[in-house]
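Student: First the structure, then my questions, so here it is.
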Amino acid sequence: MGFKLLKAFHVETRRLLWLTGLVFITVVLFQCIELPKGNSLWSMFSPGEVSEQKVNFFGKNSTSYLVSNMSSPSAVNSKIVSEDGNNFSGRVDEGRNNVPFISENPELGNTTKSAPLVLSHDVAPNFSMEFGTSAPPAPPPLVHVSAKNPRLTVFEKEVLSLSDMSEALIQNFASPSTMIPRWSSKADEELVLAKQLIESAPPLKDGLYAALYRNASMFQRSYELMEQMLKVYIYKEGDTRIFHRPPLLGIYASEGWFMKHMEANRHFVTKKPKEAHLFYLPFSSLQLEETLYVPKSHDRKPLIQHLEDYADMISAKYPFWNRTEGTDHFLVACHDWVPSETKRQMANCIRAICNSDVKEGFKFGKDVSLPETNVRKSQNSLRDVGGKPPSKRKTLAFYAGNTLHGYLRPILLQYWGNNTDPDMQIHGTLPRSKDNRNYINYMKRSKYCICPRGYEVNSPRVVEAIFFECVPVIISDNFVPPFFETLNWESFAVFVAEKDVPNLKNILVSIPKKTFLQMHMRVKKVQQHFLWHPKPLKYDLFHMILHSIWYNRVFQFRPR
Numbered sequence: 001m002g003f004k005l006l007k008a009f010h011v012e013t014r015r016l017l018w019l020t021g022l023v024f025i026t027v028v029l030f031q032c033i034e035l036p037k038g039n040s041l042w043s044m045f046s047p048g049e050v051s052e053q054k055v056n057f058f059g060k061n062s063t064s065y066l067v068s069n070m071s072s073p074s075a076v077n078s079k080i081v082s083e084d085g086n087n088f089s090g091r092v093d094e095g096r097n098n099v100p101f102i103s104e105n106p107e108l109g110n111t112t113k114s115a116p117l118v119l120s121h122d123v124a125p126n127f128s129m130e131f132g133t134s135a136p137p138a139p140p141p142l143v144h145v146s147a148k149n150p151r152l153t154v155f156e157k158e159v160l161s162l163s164d165m166s167e168a169l170i171q172n173f174a175s176p177s178t179m180i181p182r183w184s185s186k187a188d189e190e191l192v193l194a195k196q197l198i199e200s201a202p203p204l205k206d207g208l209y210a211a212l213y214r215n216a217s218m219f220q221r222s223y224e225l226m227e228q229m230l231k232v233y234i235y236k237e238g239d240t241r242i243f244h245r246p247p248l249l250g251i252y253a254s255e256g257w258f259m260k261h262m263e264a265n266r267h268f269v270t271k272k273p274k275e276a277h278l279f280y281l282p283f284s285s286l287q288l289e290e291t292l293y294v295p296k297s298h299d300r301k302p303l304i305q306h307l308e309d310y311a312d313m314i315s316a317k318y319p320f321w322n323r324t325e326g327t328d329h330f331l332v333a334c335h336d337w338v339p340s341e342t343k344r345q346m347a348n349c350i351r352a353i354c355n356s357d358v359k360e361g362f363k364f365g366k367d368v369s370l371p372e373t374n375v376r377k378s379q380n381s382l383r384d385v386g387g388k389p390p391s392k393r394k395t396l397a398f399y400a401g402n403t404l405h406g407y408l409r410p411i412l413l414q415y416w417g418n419n420t421d422p423d424m425q426i427h428g429t430l431p432r433s434k435d436n437r438n439y440i441n442y443m444k445r446s447k448y449c450i451c452p453r454g455y456e457v458n459s460p461r462v463v464e465a466i467f468f469e470c471v472p473v474i475i476s477d478n479f480v481p482p483f484f485e486t487l488n489w490e491s492f493a494v495f496v497a498e499k500d501v502p503n504l505k506n507i508l509v510s511i512p513k514k515t516f517l518q519m520h521m522r523v524k525k526v527q528q529h530f531l532w533h534p535k536p537l538k539y540d541l542f543h544m545i546l547h548s549i550w551y552n553r554v555f556q557f558r559p560r
């Protein structure tokens, strides 16, 4: 009897030990699979690993964000803001719009953790500011971060500052969402090579003024490679009422002048599509509207359908659209309706558009902000270029235009119109004059030219101000200024939030004279990028549009 009890005791003991072991193994497996590294229970089983402590400055799911030391134009000393912890060896200051940036803590030393700096667009110190907030540092350089990091939620804001836009540009260059080609080509290999060469650009040569650019060396190298490598194929198909018919006059002239120069070009255009890095869809958004839109019908469906039918036709006839789902195709169009007309079938294309509104689907790093140019004389597009020197610009600020065009202009006129202040020459439509001389003369003798939005964010006054060497004051929330991936706009323009219109004069008079003189000088230097010539010249408007399209393709390309 005793022996049986003892035997039963041993059996139950073994069962208990097996059950305990099974439970222990289950706990360990659950720990390894489900719990993150750094958890205290994990550390019991991984004595060689130390949990990583990070600080989260952008919210629980935010990414690490590299911020370069902006003390010099060619800053290379980078700090890092990391996430999900409490210990950090730097000091965080709140910059413009409460975007954190890092400065060294002399007691604790530099941060010890580093991140790969894949692409850095350094910005020279600027003397402009995004007014309505505290004085900012230079806009952050473009820095590629790990593609594994989640994107920052800057688009949740109602109004994006320029620093927010730069941040979005950084993120989209870091994690391009473009399709990987279905099969490789020689052009793909050349894009990879071009990116490597641009990232390792040598120091800036003579000829460019560095303060105008995010990174002048990279821009110069990219431009050189474009001249050496780029090949564009132009589709010949299309309704001749809409395609291959460039408008050369009026506020939509940018799309026409580009089309005219692109189709006549012998250097970039190739007749061999297999050689092409880019494919041009040569339609005019103005001709599309004039041909298919029924006035006052408010029905844009025929315009949208026409473009979708065109895309279906070339994708059925040629293999190139299907190879990349249109990501190596581009369009250049200036009508206000283009974002909505192209947001479906042509959403993957590189869209050079005047209506560059963040809230209307403009994609940083893919789309290009196209300058809106109002050409009055197609035979002499450079007539009246230039203006008076700073010493003879006696008017503080000037604006004239249709006061019923959008919600902002009536507010501008309400506060500053009707000659309420002689320094602020803010008018409705000016009396008629030959060749619009009244308007032109005002711009030529004013220090600041006010560029408020109309129905949409874009305005031809931005380019007009630069044309007449007047410092542009841009009042248009969520407007992405032209060539944003290349130019350092805050070095030669003033940005005022729409809500700060009542404080406009105080903002302008607070700008030191020295700063105004520097901005005016930079406006004169950047002017070459905004001029149409009868035959394209190096760095002119035609080449700048083409360069931005090329540049975005290079940095959005994802090889197989």
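With full-length UniProt numbering applied, the sequence shown covers 1 to 560.
In this text, a Cβ means the ideal position worked out from N, Cα and C, and glycines have one as well.
CA-CA distance, PRO246 and ASN478?
Tutor: Position 246 of the sequence shown holds residue 246. Position 478 of the sequence shown holds residue 478. Each residue's Cα considered, the two are about 29 Å apart.
Student: Measure how close the beta-carbons of PRO181 and ARG323 come, nearest whole angstrom, since I'm counting them as under 8 Å.
Tutor: For the purposes of this step, residue 181 is taken as the residue at position 181 of the sequence shown. For the purposes of this step, residue 323 is taken as the residue at position 323 of the sequence shown. About 5 Å; that satisfies the 8 Å criterion.
Student: Can GLU456 and ASN355 be called in contact, C-beta distance under 8 Å?
Tutor: What you label residue 456 is simply residue 456 of the sequence shown in a count that begins at 1. What you label residue 355 is simply residue 355 of the sequence shown in a count that begins at 1. For GLU456 and ASN355, yes; Cβs fall inside 8 Å.
Student: With distance defined between alpha-carbon atoms, name the residue in PRO282, LEU303, LEU278 and PHE279 nearest to GLU290.
Tutor: Residue mapping note: residue 290 aligns to position 290 of the sequence shown, counting from 1. The candidate whose alpha carbon is nearest that of GLU290 is LEU303.
Student: Any idea if HIS267 is buried or exposed, counting beta-carbon neighbours within 10 angstroms, 16 or more meaning buried?
Tutor: The residue you call residue 267 lines up with position 267 of the sequence shown. When all chains shown are included, HIS267 counts as exposed.
Student: So for LYS272, helix, strand or coil by DSSP?
Tutor: Within the sequence shown, numbered from 1, the residue matching residue 272 stands at position 272. DSSP places LYS272 in coil when its eight states are reduced to three.
Student: When you compare each of GLY250, LEU230 and PHE283 to ASN265 by their alpha carbons, which one comes out closest?
Tutor: Counting from one through the sequence shown, the residue named residue 265 turns up at place 265. Comparing Cα-Cα distances from ASN265 to each of GLY250, LEU230 and PHE283, the minimum goes to LEU230.
Student: Straight-line CA distance for ALA497 to GLN220?
Tutor: Residue 497 sits at position 497 when you count from the first residue of the sequence shown. Residue 220 sits at position 220 when you count from the first residue of the sequence shown. When rounded, the distance between both Cα atoms is 32 Å.
Student: Just verifying my parser: in three-state terms, what is the DSSP assignment at VAL294?
Tutor: Counting from one through the sequence shown, the residue named residue 294 turns up at place 294. Three-state result, VAL294: coil.
Student: Whose C-alpha, out of PHE557, TYR539 and ASN503, is nearest the C-alpha of TYR213?
Tutor: The sequence position of residue 213 within the sequence shown is 213, counting from 1. If we check each option's Cα against that of TYR213, TYR539 comes out closest.
Student: If we call anything under 8 Å between Cβ atoms a contact, is PHE330 one with LEU278?
Tutor: On the sequence shown, position 330 is the one that residue 330 refers to. On the sequence shown, position 278 is the one that residue 278 refers to. Taking 8 Å as the Cβ cut-off, PHE330 and LEU278 qualify as a contacting pair.
Student: Could you pull out every residue in the same chain whose Cβ sits closer than 6 Å to the Cβ of MET226, ignoring the five residues on either side in sequence?
Tutor: Here residue 226 corresponds to residue number 226 of the sequence shown, with the count starting at 1. The residues are HIS547 and TRP550.
Student: Whose C-alpha, out of PRO481, PHE542 and PHE557, is nearest the C-alpha of HIS261?
Tutor: By 1-based counting over the sequence shown, the position of residue 261 is 261. Comparing Cα positions, the closest option is PHE542.
Student: Cα-Cα, which of SER391, GLY417, ASP435 and LEU531 is closest to LYS513?
Tutor: Counting from one through the sequence shown, the residue named residue 513 turns up at place 513. Answer by Cα proximity: SER391.
Student: Would LEU208 and ALA201 qualify as a contact pair, given that the criterion is a beta-carbon distance under 8 Å?
Tutor: Counting from one through the sequence shown, the residue named residue 208 turns up at place 208. Counting from one through the sequence shown, the residue named residue 201 turns up at place 201. Not closer than 8 Å, so no.
Student: Count the CB pairs spanning the segment 505–524 and the segment 469–489 that are closer than 8 Å, and state whether there are at least three.
Tutor: At 8 Å Cβ cutoff, the stretches touch.
Student: Given this structure, state the Cα-to-Cα distance separating THR20 from MET165, to the nearest angstrom.
Tutor: Position 20 of the sequence shown, counting from 1, holds the residue named residue 20. Position 165 of the sequence shown, counting from 1, holds the residue named residue 165. Their backbone Cα atoms lie some 57 Å apart in a straight line.
Student: For GLY417 and ILE426, what's the separation of their Cα atoms in angstroms?
Tutor: What you label residue 417 is simply residue 417 of the sequence shown in a count that begins at 1. What you label residue 426 is simply residue 426 of the sequence shown in a count that begins at 1. Taking the straight line joining both Cα atoms gives about 5 Å.
Student: For MET424, which beta-bridge partners are listed by DSSP?
Tutor: Your numbering for residue 424 matches position 424 in the sequence shown. ALA397.
Student: With DSSP as the reference, label ARG445 as helix, strand or coil.
Tutor: Within the sequence shown, residue 445 is the residue found at index 445, counting from 1. Residue state, collapsed to three classes: coil.
Student: Skipping 5 residues on each side, what residues in its chain have a beta carbon closer than 7 Å to that of PHE320?
Tutor: For this step, residue 320 is matched to residue 320 along the sequence shown. Hits under 7 Å: PRO273 and PHE279.
Student: Are there 16 or more other CB atoms within 10 angstroms of the CB of HIS298, so buried, or fewer, so exposed?
Tutor: Locating residue 298 in the sequence shown gives position 298, where the first residue counts as 1. When all chains shown are included, HIS298 counts as exposed.
Student: Whose C-alpha, out of ALA276, LYS444, PRO282 and VAL232, is nearest the C-alpha of PHE398?
Tutor: Within the sequence shown, numbered from 1, the residue matching residue 398 stands at position 398. The residue with the shortest Cα to Cα distance from PHE398 is LYS444.
Student: In whole angstroms, what is the alpha-carbon distance linking PHE283 and ASP206?
Tutor: For the purposes of this step, residue 283 is taken as the residue at position 283 of the sequence shown. For the purposes of this step, residue 206 is taken as the residue at position 206 of the sequence shown. Those two C-alpha atoms are separated by around 38 Å.
Student: DSSP state of TYR213, grouped into three classes?
Tutor: In the sequence shown, residue 213 corresponds to position 213, counting from 1. In this structure, TYR213 counts as strand in the three-state DSSP scheme.
Student: Cα separation between PRO559 and ASN419?
Tutor: As a working note, residue 559 is residue 559 in the sequence shown. As a working note, residue 419 is residue 419 in the sequence shown. When rounded, the distance between both Cα atoms is 59 Å.
Student: Rank MET218, GLU360, ARG437 and HIS244 by C-alpha distance to the C-alpha of LEU160 and give the top, closest one.
Tutor: Locating residue 160 in the sequence shown gives position 160, where the first residue counts as 1. The shortest Cα separation from LEU160 among MET218, GLU360, ARG437 and HIS244 belongs to GLU360.
Student: Taking C-beta to C-beta, are ARG351 and ASP328 nearer than 8 Å?
Tutor: Along the sequence shown, one-based indexing puts residue 351 at 351. Along the sequence shown, one-based indexing puts residue 328 at 328. For ARG351 and ASP328, no; Cβs fall outside 8 Å.
Student: Please list the terminal residues of the continuous alpha helix (DSSP H) segment that includes residue 592.
Tutor: Examination of residue 592 is not possible in this model, given that the chain is present from 1 through 560 alone.
Student: How big is the Cα-Cα spacing for GLY406 and ARG241?
Tutor: Locating residue 406 in the sequence shown gives position 406, where the first residue counts as 1. Locating residue 241 in the sequence shown gives position 241, where the first residue counts as 1. Each residue's Cα considered, the two are about 30 Å apart.
Student: Taking the straight line between their C-alpha atoms, what separation do you get for ARG461 and PRO536?
Tutor: Numbered from 1 along the sequence shown, position 461 holds the residue referred to as residue 461. Numbered from 1 along the sequence shown, position 536 holds the residue referred to as residue 536. Whole-angstrom Cα-Cα distance: 23 Å.
Student: Would you mind working out which of GLU490, GLN528, TYR415 and LEU508 sits nearest PHE468, comparing C-alpha positions?
Tutor: Here residue 468 is taken as the residue at index 468 of the sequence shown, counted from 1. The candidate whose alpha carbon is nearest that of PHE468 is GLN528.
Student: Nearest to SER459 by alpha carbon, out of SER254, PHE173 and SER185?
Tutor: Against the sequence shown, residue 459 aligns to sequence position 459. Comparing Cα positions, the closest option is SER254.
Student: What's the gap between the Cα of ASP357 and the Cα of ILE25?
Tutor: As a first step, residue 357 must be located in the sequence shown, where it is residue number 357. As a first step, residue 25 must be located in the sequence shown, where it is residue number 25. C-alpha separation (whole angstroms): 56 Å.
Student: Anyone know if the C-beta pair for SER446 and THR373 falls short of 8 Å?
Tutor: In the sequence shown, the residue the question calls residue 446 occupies position 446. In the sequence shown, the residue the question calls residue 373 occupies position 373. In this structure, THR373 does not lie closer than 8 Å to SER446 by Cβ.
Student: Among the residues of its own chain, which have a CB less than 6 Å from the CB of ILE198, if the five just before and after it don't count?
Tutor: Within the sequence shown, the letter at position 198 stands for residue 198. Cβ neighbours of ILE198 beyond the five flanking positions: MET218, ARG221 and SER222.
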